[in-house]
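The opening position of the sequence shown corresponds to residue 53 in our numbering, with each subsequent residue numbered one higher.
Structure first, then comments.
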Amino acid sequence: MNSILEGRDGLRTVVEQIAEVAGYLWQKGWAERNGGNITVNVTEYADEAIRQMPAISQPISIGCVLPQLKGCYFYCKGTGKRMRDLARRPMENGSIIRILDDCASYVIIADNPVMPTSELPSHLLLHNYLLESGSTYKACVHTHPIELVAMSHNNRFLNTEVLTKTLWSMIPETLAFAPLGMGVVPYAMPSSIELAEATLEQIKKYDVVLWEKHGALAVGTDVMDAFDQIDVLNKSANIYMCARNMGFEPDGMTDEAVTEIQQVFKLPTKRPC
Ligand code: 13P
Ligand code: ZN
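Laid out in structure tokens, this is it:
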């Protein structure tokens, strides 16, 4: 069977990058069984032949109306599919979908009729917002990073300011590479519209959010950028945990040191579009 990737180097590169990140998620222990999901807006690669490709599924309802997504194309991890399998065979463990003109449903167009992730409402709500706000971000990654999820079991860290300050102050690089900090979404049923809407509110301010007792979700210019932001924040959570395991509460960098880095590196405090 022909793959949609054949003869399309740009699209192939994006899918290969998704597969690479899927492998990292598995290696890090953040992707047990089918845990986590990835979607990437690939509309820029939708040539005329792709636009003419017939649907290989019935129209499927998204559950909400997303006007910015009309005629857009997304690579989506398949629901129930494993990241470790996706790492080796991305087009068998994910699919490419086309959003229909009603902006409320989609069809699968390639390569196989693999049903997209159950977290599609959250992902698509964010992609809709990113387009609406003129952002160049294309990717959305959800995963189950162990130390961050562990922190979300303590009420103290379900406050965005306390969480962000704690994580930033563990190591300067986290501040530099996750300069917007980390939002918090109170526990909500996985894959629910409630979770999607609460996530959208946080993503208006942060690139990365913590889903209480569940995981993290990040948006980024591409899948590697989204992954990197979760990775640096989880590194801080790991350092915090190591210090606690050694029997002490880590001091953390001082407020002055944090402010100095923000100023010297001219770190953004709002997401650049
Ligand atoms: P999917 O297999 O449907 O992508 O779900 C995994 C997950 O992590 C849900 O939050
Ligand atoms: Zn999950």
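C-beta atoms are modelled at their ideal positions from N, C-alpha and C, and glycine is treated no differently.
Around the beta carbon of ASP307, fewer than 16 other beta carbons lie within 10 angstroms, which makes this residue exposed. Rounded to the nearest angstrom, the Cβ distance from ILE70 to ILE102 is 17 Å, too far for a contact under 8 Å. Two segments are said to touch when three or more pairs of C-beta atoms, one from each, lie closer than 8 Å; by this definition the region 96-112 touches the region 150-167. For GLY267, the Cβ falls inside the 6 Å cut-off from some heavy atom of ligand 2. In this structure, the beta-carbon distance from SER204 to GLY304 does not fall below 7 Å. A direct Cα-to-Cα measurement between THR321 and PHE279 gives close to 20 Å. By the 16-neighbour rule on beta-carbons within 10 angstroms, PHE126 is buried. Relative to ligand 1, even the nearest heavy atom lies 6 Å or more away from the CB of PRO224. For GLY146, no alpha helix (DSSP H) run applies; the uninterrupted beta strand (DSSP E) run containing it begins and ends at 146-151, by DSSP. With fewer than 16 other Cβ atoms inside 10 Å of its own Cβ, ASP153 counts as exposed. A Cβ-Cβ contact shorter than 7 Å links GLU199 with MET293. Fully enclosed beta strand (DSSP E) runs of no fewer than 3 residues occupy 89-93, 125-129 and 146-151 of the region 88-158, in order along the chain.
Rounded to whole angstroms, MET135 and SER187 show a C-alpha spacing of 27 Å. Taking a contact to require three or more Cβ pairs closer than 8 Å, the region 86-99 and the region 177-196 qualify as touching.
GLY115 places its beta carbon less than 7 Å from that of ILE245. In the DSSP assignment, the residues bridged to GLY267 are TRP263.
In the assembly as shown, ARG140 is an exposed residue. Its beta-carbon has fewer than 16 other beta-carbons within 10 Å. Residue burial is scored here from C-beta neighbours: LYS287 has at least 16 other C-beta atoms within 10 angstroms and is therefore classed as buried. Cα atoms of ILE160 and LEU121: separation of roughly 15 Å, rounded to the nearest angstrom. In this structure, VAL236 lies away from THR251, with their beta-carbon atoms at least 7 Å apart.
In its chain, beyond the 5 residues on either side, TYR97 have a beta carbon closer than 7 Å to the beta carbon of ARG60.
For the pair PRO142 and GLU68, the Cα-to-Cα distance works out to about 8 Å. Ligand 1 has no heavy atom closer than 6 Å to the beta-carbon of ASN164. Shown here, GLY299 sits in coil according to DSSP, grouped into three states, outside any helix or strand.
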